[in-house]
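Asker:
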Amino acid sequence: MQINSNNILSQSLINLQEVDTPPTLRYIYTLRAESSRKTMEYTLNGFAKVLNISHHKLIPWEKLTDYHIAMVLNQLEENGIKDTRLNTYLTAIKRSATFANGMGRLPTDVLFRITQIQPRKGRSVSKARPLKSFEMSELFITNGPTLRDKRNNAMFALLVGCGLRCTELMTLSITAFEYKDNQDWIRFYGKGHVERRVPVNADTLRFVKEWELVREQLNITSDTLFVKMRRGDTFIDEPIQARSSVYRVVQNRCLQLGSKFMISPHDLRRTTATILYHAGVRISVIQDILGHADSKTTQRYIQKDDNLLIDAIKKVSLPSSEVPLAQS
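So for the sequence shown, UniProt numbering puts the first residue at 1; every next one is plus one.
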């Protein structure tokens, strides 16, 4: 029996045309990073919830106007959503609205007015923080570390020593390391599937090498540098698949050190940025190391030195408040 491949292709294209994919899903599918897709799906479901709709796929774009979008943003703000998060909502709505327009579900004049809604420019003092020098020392277990400690030490070292994101750490290949021009490097694909190449210093490499020796002793075959663990230092020869797993590694170490020592994995990236900035490294170089598309993002990661602020404010002199004595 002869199979007509052209007919099969034509039939598959017809089936694709019959699928009415919602505008929100069409937008989400354009995002390359799985973490970004999850974030935007959660965001668009939050948008739908304010509209009293059960799921973002059911949003009636034909009935929406810029007025509705503005009212949703105001409601989210009243619900305590901060400006940075509101801008994420606005981005997701605008991009989805563009797809809705392309599908004929949103008039062009309405799309234009939606795109004219300006992002929020306010900013609050971030609760996130870089580590202090003594906290950096306490984070690593160097006195009789267990196998679990050696894995975690290597994770901490790459998070703060190279400024990796959680996803970049989880997916880092065992072959990502290279030695070139008398310098160790790691090469990997970061956010947005953009290739990054970051130098590795001797301190960071030492912790990584200790973990690599453990991998060799246990005959771990996973392509990723880091693998899962069960309780009792039992390794599972599988990649770490959830960012929450990295978060738990950091949080468990914090709990060992006391309630005041509470940080997130992303705080270690902020530590990288802050250390480099106060060492005199240019913002553009820090931006390259962290893999930021915009230098403004890098600047938000840097904690300014409070002592510099204090010294600066002391230089502000005001008129004396003493009342002059009356002349006789």
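Backbone N, C-alpha and C define an ideal beta-carbon position, used for all residues, glycine too. Values in this document were obtained by computation on a predicted structure and should not be read as measured data.
If residue 85 and residue 165 are in contact, beta carbons under 8 Å, what's the gap, nearest whole angstrom?
Answerer: So it is not a contact: roughly 19 Å between Cβ atoms.
Asker: At 4 residues or longer, and completely inside the segment 217-292: list those alpha helix (DSSP H) runs for me, N to C.
Answerer: Entirely contained in the segment 217-292, the alpha helix (DSSP H) runs reaching 4 residues are, in chain order, 243-257, 265-278 and 283-290.
Asker: Pick helix, strand or coil for residue 1, following the three-state DSSP scheme.
Answerer: Low confidence applies here, because residue 1 scores a pLDDT of 41, under 50, leaving its location unreliable and the question unanswered by this model.
Asker: Roughly how many angstroms separate the alpha carbons of residue 277 and residue 36, rounded to a whole number?
Answerer: Their Cα atoms are separated by approximately 28 Å.
Asker: Is residue 114 closer than 7 Å to residue 53 when the C-beta atoms are compared?
Answerer: No. Outside cutoff.
Asker: Please work out which residues of its chain come closer than 7 Å, Cβ to Cβ, to residue 148, disregarding the five sequence neighbours upstream and downstream, and give them in chain order.
Answerer: Answer for residue 148: 229 and 233, listed in chain order.
Asker: I'd like to check one pair, residue 96 with residue 329: are the Cβ atoms closer than 7 Å?
Answerer: For residue 329 there is no data in the structure shown, the boundaries of the chain being 1 and 328.
Asker: Quick one: using the 10 Å Cβ neighbour count with 16 as the cut-off for buried, is residue 275 buried or exposed?
Answerer: Its Cβ being crowded by 16 or more others within 10 Å, residue 275 is buried.
Asker: Reducing DSSP to helix, strand and coil, say where residue 54 ends up.
Answerer: Coil.
Asker: Pair every Cβ in the segment 151-159 with every Cβ in the segment 208-215, then say whether three or more of these pairs are closer than 8 Å.
Answerer: Segments in contact, yes.
Asker: Look at residue 202 and residue 186 and say whether their C-beta atoms are less than 7 Å apart.
Answerer: No, they are not a contact pair.
Asker: With H, G and I counted as helix, E and B as strand and the rest as coil, what does DSSP make of residue 99?
Answerer: Helix at residue 99.
Asker: Which residues in the same chain have their Cβ closer than 7 Å to the Cβ of residue 120, if we skip the five residues on either side of it in sequence?
Answerer: Around residue 120: 83, 86 and 87.
Asker: Determine the extent of the beta strand (DSSP E) in which residue 188 is found, giving its start and end residues.
Answerer: First-last of the beta strand (DSSP E) with residue 188: 183-189.
Asker: With 16 other CB atoms within 10 Å as the buried threshold, where does residue 319 fall?
Answerer: It is exposed - the Cβ of residue 319 has fewer than 16 other Cβ atoms within 10 Å.
Asker: Can you tell me which residues form a DSSP beta bridge with residue 177?
Answerer: Bridge partners of residue 177: 186.
Asker: Which residues in the same chain as residue 250 place their Cβ atom closer than 7 Å to its Cβ, once the five residues preceding and following it in sequence are excluded?
Answerer: Within the same chain, residue 250 has close Cβ partners 263, 264 and 265.
Asker: What did DSSP end up calling residue 214 once you bin it into helix, strand or coil?
Answerer: Residue 214 falls in the helix class under three-state DSSP.
Asker: Mark residue 158 as exposed unless 16 or more other C-beta atoms lie within 10 angstroms of its C-beta, in which case mark it buried.
Answerer: Classification of residue 158: buried, given that the 10 Å Cβ count is 16 or more.
Asker: From residue 169 to residue 226, what does the alpha carbon distance come to, in whole angstroms?
Answerer: If you take the alpha carbons of residue 169 and residue 226, they lie about 8 Å apart.
Asker: Name the one or two DSSP bridge partners that residue 198 has.
Answerer: Beta-bridge pairing links residue 198 to 186.
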